[in-house]
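Here the structure is laid out as structure tokens; the discussion comes afterwards.
2 protein chains.
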Amino acid sequence: MDPTRLMLRLYFGPVMFGPGKADLLEAIAAEGSISAAGRRMGMSYKRAWSLVEAMNAGFVEPLVDSARGGAHGGGAHLTAAGETVLAQYRALEARLREAGATEIATIGALVKPDVSG
Amino acid sequence: MDPTRLMLRLYFGPVMFGPGKADLLEAIAAEGSISAAGRRMGMSYKRAWSLVEAMNAGFVEPLVDSARGGAHGGGAHLTAAGETVLAQYRALEARLREAGATEIATIGALVKPDVSG
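Protein sequences appear in the order of chains A and B.
Take the first sequence: its position 58, counting from 1, is numbered 58 in the numbering used here, and each next residue is one higher.
Take the second sequence: its position 29, counting from 1, is numbered 29 in the numbering used here, and each next residue is one higher.
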């Protein structure tokens, strides 16, 4: 059975980067706004901001540049560092699927087929 | 900054395999008992059994063979399938570090050094 999903989290001391933050960065890049990105992901405004603040605090440069304020909030976009982290994380996921194809297939062959679907 | 930990979870439909289950399989192989393995991991007996039951139900063959019963519980060991899944999962983690070294280092170089330690 093919894995439907690989979930990869990187821990650098207290700083974690994983699929939720990567998806949020992608949504911010697409929406141009943290609140719109949060809505797209079914996440509260508070939660989206809190993830952005954690990312901005954990890296040497902020990953997201935002102008907070105004009735609908200011715009937001990824910084160069944000684009790099996101691109490298996606590349890492692809490398895992590629370099680990044999191991993933061997484990998958032992998984009981899903008869519920 | 080097990642202190990479956490990798594989989802095959409803079946998940990740670091907690891999560590439990290793502890069972070392201890020869599910309850001793659970204690070693600071996990309740109930939790350890529930993880073993989930693994045994999710794969075409059980991953753990156990003789439940007796005052101290029966012994337990990994089946051939259990040994294969564990070994392939550890190999996959190693491949990820190896094949993804550049991406991991690029992200790590952007992480703020941990000044708390």
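Quick reminder that beta carbons are idealized off the backbone N, C-alpha and C, glycines included.
Keep in mind it's a predicted model, so treat the numbers as computed, not measured.
Through-space distance from residue 104 of chain A to residue 98 of chain B, alpha-carbon basis: Within the second sequence, the letter at position 98 stands for residue 98 of chain B. Within the first sequence, the letter at position 104 stands for residue 104 of chain A. Taking the straight line from one Cα to the other gives about 16 Å.
Can you find a C-beta in chain B that's less than 8 Å from the C-beta of residue 89 of chain A? Numbered from its first residue, the first sequence carries residue 89 of chain A at position 89. Flagged as an interface residue toward chain B: residue 89 of chain A, by a C-beta distance shorter than 8 Å.
Sequence-distant residues of the same chain with beta carbon closer than 7 Å to residue 55 of chain B, five excluded per side: Mapped onto the second sequence, residue 55 of chain B falls at position 55. In the same chain as residue 55 of chain B, and ignoring 5 residues on each side of it, the C-beta atoms closer than 7 Å to its own belong to 21, 63, 64, in chain order.
With DSSP collapsed to three states, give me the class of residue 110 of chain A. Looking up residue 110 of chain A in the first sequence gives position 110. Looking at residue 110 of chain A - three-state DSSP - the assignment turns out to be helix.
Using CA coordinates, which residue listed in A:100, A:95, A:85 is at the minimum distance from residue 110 of chain B? Here residue 110 of chain B refers to the residue found at position 110 of the second sequence. The alpha carbon of residue 110 of chain B has as its nearest neighbour, out of A:100, A:95, A:85, the alpha carbon of A:85.
With burial defined as no fewer than 16 other Cβ atoms inside 10 Å of the residue's Cβ, what is the status of residue 60 of chain B: buried or exposed? Reading the second sequence from its first residue, position 60 is the one you call residue 60 of chain B. Exposed, because fewer than 16 other Cβ atoms sit within 10 Å of the Cβ of residue 60 of chain B.
Just mark residue 117 of chain B as buried or exposed, buried being the case when its beta carbon has 16 or more other beta carbons within 10 Å. Here residue 117 of chain B refers to the residue found at position 117 of the second sequence. Because the pLDDT of residue 117 of chain B is 49, which lies under 50, any placement of that residue in the model is unreliable, and the number read from its coordinates should be weighed accordingly. Flag for residue 117 of chain B reads exposed.
Our contact map puts residue 4 of chain B next to residue 12 of chain A with C-beta atoms below 8 Å; I'd like the distance itself, whole angstroms only. Locating residue 4 of chain B in the second sequence gives position 4, counting from the first residue. Locating residue 12 of chain A in the first sequence gives position 12, counting from the first residue. That pair is a contact at about 7 Å.
Would residue 15 of chain A pass as a contact of residue 58 of chain A if the rule is Cβ separation under 8 Å? For the purposes of this step, residue 15 of chain A is taken as the residue at position 15 of the first sequence. For the purposes of this step, residue 58 of chain A is taken as the residue at position 58 of the first sequence. Yes, Cβ-Cβ distance for residue 15 of chain A and residue 58 of chain A is below 8 Å.
Taking only beta-carbon positions, decide if residue 29 of chain B is within less than 8 Å of chain A. Against the second sequence, residue 29 of chain B aligns to sequence position 29. For residue 29 of chain B, the answer is no, since every Cβ of chain A falls outside 8 Å of its Cβ.
Compare the Cα-Cα distances from residue 51 of chain A to each of A:74, A:25, A:108, A:100 and report the closest residue. Along the first sequence, read from residue 1 onward, the residue named residue 51 of chain A stands at position 51. Answer by Cα proximity: A:25.
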